[in-house]
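What follows is a set of notes on a single structure, which appears directly below.
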Amino acid sequence: MIFDGLDFRSKKDDAWYACGVVLDGKKLRVKFKDFVESFHDEVFSIADFSTHREIEQFLLRFRPTSMPIEENECSKVIEGMMVSATYTRDGLVRFFDAIVDAVNYKEHTPGKCICTYLLFWQHGPAEGNITAASIDDICLIMSGAIDPRVTEFAKLVREKLRGASSQSSFTSKAPFLSKKTSSNQTLIKLQASFSEFSGDGDSRNGGSSEGREKFKIQLNDQDRDMGGVKDTGFHHYIILENLEKNLSPVLMTEFIHEHTSITAQAYVFLSLSAETYARGALVLNSKSKLKRIYEFINNPNHFIVSSSGRPWVIAEDMLRNGTFNINLQSLQLKCKNQNTESKLIIVRLGTDEYMRAKQLKEIYMEFRDHVNILVEKLDMEEKKNLNPSSAN
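Numbering (numbering that gives the first Met the number 0), first residue to last: 0 to 391.
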């Protein structure tokens, strides 16, 4: 059994453990690195999941292994950060997530940190309590891709759920959180249809009334995650949702560069008049740099919000690649009054603004999940009517 950089939050005691996984048909077996006996394994079947939300919550139990911090790197741990930390009770040492409530920095030699950290526990036996910890107790939570066998298992579950929904009547309740599938699908379909209708793909950006610039997006149907991308000249990009409609791409570029030192091309897409938000994209020719931007946006310790408090939402938990040819000038907003242009700020964990952004994101996600259900229903009905023989 190979244990290669994967942690799992156990269903038995809610603690994080180093693990490996085995996909056996319709079952996923989680084997723990420190408990080799098979009776410690946790086994999950696709039959255990009845909603998309359940499988998405299950995926959140996996993440890359958290990294210990060197004694001379203690300054990396800052107030408001989410960390993985050890909690000891009755001689049993386990890892749980906690927020750094306060830091008492002290001068010390590079080889021995004597700083003290107050941790506000998010789950586990000490949930809701604050305790003191040293640098040896704390690990940095890492982001990135997880074992492909886990994502393959999730794919099998989603296929089962889609099959079940196609055989039953449609219901609008029980929205689901689909990281891989978003209302961005609808955008791509609309753009493709418009391109076929217009012949040459002419379009305008919402907010700009000057000229007609060509607006072309060519997306590779075989989109792959960042691990399978080769430097073939394709662009690497992420799709963003829930942006302000008057957000300037130039402002997006400047904001990202200010916080990551990376210059990306930013776009704000055409939105319908009935929509209260816009979609956009960040595009680079470097997958490693785009990954750094993704991790910055997806950092659980903060939200990127507009001046009105609207939080950015990443459409998918993957980096895409493909040809991406858009005339930047056609997508930049022409605001007569610069004061009407949306600004961008960071709200950090532990603040009222963070909690408000979290609530607004949850509201948007519920809306998006409902749209996803409608898209699946539309797709199913279209197939029945456009190709009755294959539907049977």
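Glycine included, C-beta positions come from ideal geometry on N, C-alpha and C.
Give me the Cα-Cα distance between residue i and residue j, rounded to the nearest whole angstrom.
| i | j | result |
| --- | --- | --- |
| I129 | I237 | 37 angstroms |
| K154 | S287 | 26 angstroms |
| H39 | I137 | 25 angstroms |
| M251 | E257 | 10 angstroms |
| S49 | P299 | 27 angstroms |
| A263 | V370 | 29 angstroms |
| S260 | I345 | 16 angstroms |
| F7 | L91 | 18 angstroms |
| S247 | S341 | 7 angstroms |
| L348 | F31 | 31 angstroms |
| E274 | A46 | 37 angstroms |
| G110 | I134 | 12 angstroms |
| V35 | G162 | 36 angstroms |
| E294 | Y353 | 18 angstroms |
| N384 | L58 | 35 angstroms |
| E72 | D100 | 18 angstroms |
According to DSSP, is residue i helix, strand or coil?
| i | result |
| --- | --- |
| Y363 | helix |
| N300 | coil |
| E315 | coil |
| I129 | strand |
| F34 | strand |
| S305 | strand |
| L242 | strand |
| P147 | helix |
According to DSSP, residue i sits in a beta bridge with which residue or residues?
| i | result |
| --- | --- |
| W15 | R8 and F94 |
| G162 | None; G162 has no bridge partner. |
| Y276 | Beta-bridge pairing links Y276 to no other residue. |
| R28 | V21 and V42 |
| V99 | L118 |
| N320 | H235 |
| R437 | Since the first and last residues shown for the chain are 0 and 391, residue 437 lies out of range. |
| A265 | L281 |
| C138 | P67 and S83 |
| L343 | S305 |
Going by alpha carbons, who is nearest to residue i out of the options?
| i | options | result |
| --- | --- | --- |
| S74 | N103, L118, V312 and T87 | N103 |
| L239 | M141, G279, S341 and E375 | G279 |
| A17 | L318, A263 and R93 | R93 |
| K11 | V42, M317 and N71 | V42 |
| Y266 | E381, F254, V249 and L59 | V249 |
| I296 | F152, E380 and F254 | F254 |
| R148 | K290, L22, A84 and L269 | L22 |
Less than 7 angstroms between CB atoms is the rule here; does residue i satisfy it with respect to chain B?
| i | result |
| --- | --- |
| I140 | In the structure shown, chain B cannot be found, because there is only a single protein chain. |
ask   = Counting Cβ pairs closer than 8 angstroms, one from the stretch 281-301 and one from the stretch 115-126, do we hit at least three?
value = no
Measuring CB atoms only, is the stretch 61-76 touching the stretch 130-150, in the sense that at least three cross pairs come out at less than 8 angstroms?
Yes: the two stretches touch, three or more of their Cβ pairs being nearer than 8 angstroms.
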